[in-house]
Amino acid sequence: MSNWRFIFVSAGIFLAEYLLSFFWPFLLRAELFIIFALAVFFLDSMRKINFAIIFAVAVFFDFWSSSTFGNLTLILFLTILFIFLIKRVMLVDNRPNFSALLWLTGFYYFYLFTKGILYNFGGPYIFPNLSIINLIETVSWVSAMLIIYKIASHEKKIPRF
Amino acid sequence: MKNSVFIVFKRPLGSTHYFLNQTKQRVFSWFRTGEILQENEKLKSENRQLVSANLKIYELEKENNFLRKELGVVQRKNFKIAVARVFHQQFDGQFQTSLIDVGDNEGLKPGMPVIFDGEILYGIIKEVYQTSAMVYLITDPRMTLSVKIKNSANQPDGQEIMARSRGALDNGLLLELVANQEEIQAGETVMTSGLDGLPSALLVGKIMTVKEGRGGIFKEIKVEPEFKSSLIDRVFILKPL
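Here it is in C-alpha cells:
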C-alpha cells in the first residue's frame, strides 16, 4: 500500500466516523482508524508505508480522541510494538485471511485494555465491553478493514517481457 | 497545538454539524408525521396542565421569596450562561465525548455542567483550550453523578431517593447504591441532587428498567438519558457567578 492510499483511506475513515456520529451514533462501537493502522502494520510485510506518515495520521486522530492529547498515539505505538514482538517471536508474517482476522481482533482488544488504563489514569479501570455482541461487532469491523486494506493495497502488476 | 488544530477545523465542522442535524431532523420528521400528530395532541393537553402548574409555582415563588426575606436567608446562587455549538462528537465504543466551540475565551473551567433545552444535563467540561473545550457526556463510563429520583407515587411527600449514576455508553446510565427495599418504578425522573458541586434539579433522564440486584443489597437500575432522544446542536454552559 502506498503512502497516499493510506492517507486517503484514513481521511475516508475520519469522514465516515464523523457522519456516523450524527446519523447513528451508537452504531460505531469500534475505532476504525486504529483497526486499519494495526492491519497495515501487521500485514504490510513490504514496509511500503513511511512510518512517519502513520505517526502523523495517528496524531491527527489523536486531536479528536476522547481523552488527553497524546494518549491515542502512545497506546497505538505500544500495540504496534506488541505486534512487532509477536511477529519476531512467532513468525506470523503472511498468514491466511482467517488467521489474520483472529490476530487483528486480539491486537485490537490489547489496544482496548491498554486504553482502559491510560484514559482514566488514576481513576477506576474502565473495562472494554466484553460481551458476545461486542465481539461480533468488532470482528465485523476488523473484517471490513481487512477488505479495505486488501482493496487499497491492490496494485497493478506489470507483465514480464 | 490541539487548540490550533481546533481553531482551523471548528468552523467548517460546526457548520457541517448544523447542516447534518437539520437534514436528520427533516428526514426523521418526514417518516414520523402520524406519530408527530399524536404527540402534538398529547403535548397540547400536557401544556394545559403545565400552565396551571406554572401559576401555582409563581404563587409559591412569591411566598418563598417573602419567607427568605423574613428569615434572612441568602437566595440560591445563580449562574451565568455561555452558549456554545457542538462541532464534534466521539462515540468510540468505550468512551463518549464531544467538543464545543467556546473555551477559556468565555471563562470556562473544568467541572462546569453543560445543559441544553430546559435544563437537561448533557455532560461536564473536562478539558478547556483557548477557544474550545472537551465535554464528557453523562453516558461516558468515567462520569459519576450524585442524583435523586423524584415523582414516585410510592414515596411519601417530599421524600427523594438518593443514588449515584455511572455512564454505561449505549445502555444509558446505571444507578448505583439504591437499596432493594426502595420502591422505584420505570418512568420515574432522575435529576441531579446538587451534592457533588453541580446545580441541583438538572434533568438527567428517566428510569428504564428496575431489577433486584444479584448481591441482594442494591437494585440494578438503567436510566435512559434525556439527551439521547434529542438532536444536539447548541448547548449552554452554566458558569457560577
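For the record, the sequence lines run as chains A and B.
With positions in the first sequence counted from 1, the corresponding number in our numbering is that position plus 475.
With positions in the second sequence counted from 1, the corresponding number in our numbering is that position plus 122.
Where a beta carbon is used, it is the ideal one built from N, C-alpha and C, also for glycine.
Proximity of chain B to A:R504 at the Cβ level (cut-off 9 Å) is accounted for by F213, D214, G215, Q216, L291 and D292, in chain order. Excluding sequence positions up to five before and after B:L135, its CB lies within less than 8 Å of the CB of F209 and H210, all in the same chain and listed in chain order.
Following the DSSP letters along the chain, one finds B:A285 in no alpha helix (DSSP H) but inside the beta strand (DSSP E) bounded by residues I283 to G289.
In this structure, B:L297 places its C-beta atom within 8 Å of the C-beta atom of B:I343. Shown here for B:N302: same chain residues with a beta carbon closer than 8 Å to its own, the five before and five after excluded, namely E334, G335, G338, I339, F340 and K341 in chain order. Contact annotation: A:L518 and A:L576 have beta-carbon atoms that are not nearer than 8 Å. DSSP links B:R356 through a beta bridge to B:R207.
Proximity of A:G598 to chain B, defined by a Cβ-Cβ separation below 8 Å, is satisfied.
The residues Y594, in chain order, have a CB closer than 7 Å to that of A:S542 in the same chain once the five nearest residues on each side in sequence are set aside. Taking the C-beta atoms as reference points, B:V357 is found no nearer than 8 Å to B:V269.
For B:I129 and A:F483, the gap between their C-alpha atoms comes out near 23 Å. Residue environment for B:Q307: exposed (fewer than 16 other C-beta atoms within 10 angstroms of its C-beta).
With the criterion set as a beta carbon lying under 9 Å from some beta carbon of chain B, the members of the segment 568 to 594 of chain A are L587, K590, G591 and Y594, in sequence order. In this model, A:A531 and A:N525 are separated by some 10 Å (Cα to Cα).
Among the residues of chain B, none has a CB under 7 Å from the CB of A:T554; the nearest is roughly 14 Å distant. Assignment of beta-bridge partners to B:G327 by DSSP yields B:V312 and B:P347.
In the displayed model, A:L507 falls within a helix according to three-state DSSP. For B:N143, the nearest beta carbon of chain A is closer than 8 Å to its own beta carbon.
Under the three-state reduction of DSSP, B:T266 is assigned to strand. With a 10 Å radius around the Cβ and a threshold of 16 neighbouring Cβ atoms, B:I158 comes out exposed.
With a cutoff of 8 Å on beta-carbon distance, A:W616 and A:L549 are scored as not near each other.
Here B:G215 is buried: its Cβ has 16 or more other Cβ atoms, across all protein chains shown, within 10 Å.
For B:P235, the enclosing beta strand (DSSP E) has its first and last residue at P235 to F238. Membership of B:K231 in any beta strand (DSSP E) is not indicated, and neither H nor E is assigned to it by DSSP. Residue environment: B:K166 is assigned as exposed (fewer than 16 neighbouring CB atoms within 10 Å of its CB, all protein chains considered). Against chain A, the CB of B:R356 has no partner CB under 8 Å away; the residue lies outside that interface.
When DSSP reads this structure, B:Y258 sits in a beta bridge with B:T219 and B:I246. The beta carbons of A:L553 and A:F536 sit no closer together than 8 Å. Collapsing the DSSP output to three states places B:K333 in a strand. If you compare the alpha carbons of B:L320, B:L324 and B:E304 with that of B:T311, the shortest gap goes to B:L324. Chain A has no Cβ within less than 8 Å of the Cβ of B:T331.
In this structure B:I247 is in contact with B:M234, their Cβ atoms being roughly 5 Å apart against a cut-off of 8 Å. Going by DSSP, A:L494 is part of the alpha helix (DSSP H) stretching over N478 to F498. Ranked by Cα distance from B:V257, the options B:K178, B:E168, B:Q218 and B:G289 are led by B:Q218. Following the DSSP letters along the chain, one finds B:L320 in no beta strand (DSSP E), marked with neither H nor E.
In this structure, the beta-carbon distance from B:A204 to B:K361 falls below 8 Å.
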